[in-house]
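Numbering (the UniProt record's numbering), first residue to last: 1 to 337. Glycine is no exception: its CB is placed at the ideal position from the N, C-alpha and C atoms. Below is one structure; the comments refer to it alone.
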DNA sequence: AGTCCACTGGAACTTGAGGAAT
DNA sequence: ATTCCTCAAGTTCCAGTGGACT
């Protein structure tokens, strides 16, 4: 790829959060549990469906992909991945999981047809379906259809464990056998370990010290993605400056850059109404619902109903953009820290 | 300890866009 | 061209709950 000798970076791909490492740090029991639930597939039996949940940057998606790759190395199996943040509807979700795309974007193919095509695809080869950001799915039929499919295993990924709350009882009972697996935030030491392994494969080894990795890990606050982005940003910046080693100053800057970048990217996901709520909380600090909604209506012409705003806020809370404390009348909302 | 009511979240209903059927 | 159907997004309605206040 690059014929020049790089001063710091040896393999940039290794430093991205999407890179799938060949072993996962500190998630052994979770790995085993996922593998155990999929294992029946190797004996032609239906696997146990799963919900993996936990805060951002705790390795949920990576681990799911990791275990599925592991399974594929042991048997003939396929996998399908769909992220429901950008594909929310029944049509889009099934369409995304097909590998032969139809004429883009929509050629009048009905949702039923797309599901039928997916069924055909899955019929002859056992398939693990990874449904990322499953809490974005509003239509409970999707989960029903997915859980009904033969010859497939289902891994759902979400931020909180209560994603089925709004589904109807038929779907809930269908999903009642789903095994829930909790991914907790990483400790500082665990993030250091993750960063060390990436350094080993992606960087010239002595370009960044253990102590510096620890500083990055501390700032990442349990979110491995933030840690990895900080390290990559620091490495790229040093490279650009032609330095042999990453300096503390660059580390400090990169941590800031990457933290604000994550914040911005989660803010970019908010719609206009959610942004208004965000700004109100930013300005006023901790507030109760009534006051938030009142200010919101004052600031915006085409205001949505209170119920809708509350739904939006539930989402913001699941994505850790805002926080709440107390219950009922004493409940107060604020920006997440 | 009793009443009040702000807040929550489930459920049914409405709206509007866009494809399918005739 | 029109009517019908499906789907997503939002609204209206409402019962339950437990803090706040007396």
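Taken through DSSP and simplified to helix, strand or coil, residue 147 comes out as helix. About 15 Å separates the beta carbon of residue 114 from that of residue 144, a gap too long to meet the 8 Å contact definition.
Closest by C-alpha distance to residue 276, out of 321, 19 and 236, is 321. Its Cα nearest to that of residue 14, the residue 194 stands out among 148, 194, 268 and 176.
Secondary structure of residue 320 (DSSP, three-state): coil. Residue nearest to residue 26 within the set 19, 184 and 293 is 184 (criterion: CA-CA distance). The C-alpha of residue 119 lies about 19 Å from the C-alpha of residue 174. 125 is the residue among 125, 39, 188 and 211 whose C-alpha sits nearest the C-alpha of residue 76. Straight across, the Cα-Cα distance linking residue 137 with residue 314 is about 14 Å. For residue 189, the closest C-alpha among the options 135, 219, 152 and 207 is that of 219. In the pairwise beta carbon analysis, the segment 220–234 is classified as not touching the segment 267–275: fewer than three pairs are separated by under 8 Å. Under the three-state reduction of DSSP output, residue 214 falls in the helix class. If you check the CB distance, residue 67 and residue 35 come in under 7 Å.
Where residue 254 is concerned, the enclosing alpha helix (DSSP H) starts and stops at 248–268. Within the model, the alpha-carbon separation for residue 265 versus residue 226 is close to 12 Å. With at least 16 other beta carbons inside 10 angstroms of its own, residue 198 counts as buried. Within its own chain, the residues whose Cβ lies closer than 8 Å to the Cβ of residue 31, once the five positions on either side in sequence are excluded, are 24, 63, 66 and 67, listed in chain order. With fewer than 16 other Cβ atoms from the protein chains shown falling within 10 Å of its own Cβ, residue 180 counts as exposed. Looking at the DSSP output, residue 78 sits in a beta bridge with 127.
If the five residues before and after residue 151 are omitted, its C-beta is found closer than 6 Å to the C-beta atoms of 122 and 126, all from its own chain and listed in chain order. Using a 10 angstroms sphere on the CB of residue 330, the tally of other CB atoms stays under 16, which defines it as exposed.
In the displayed model, residue 83 falls within a strand according to three-state DSSP.
Our two residues, residue 299 and residue 293, have alpha carbons roughly 10 Å apart in a direct line.
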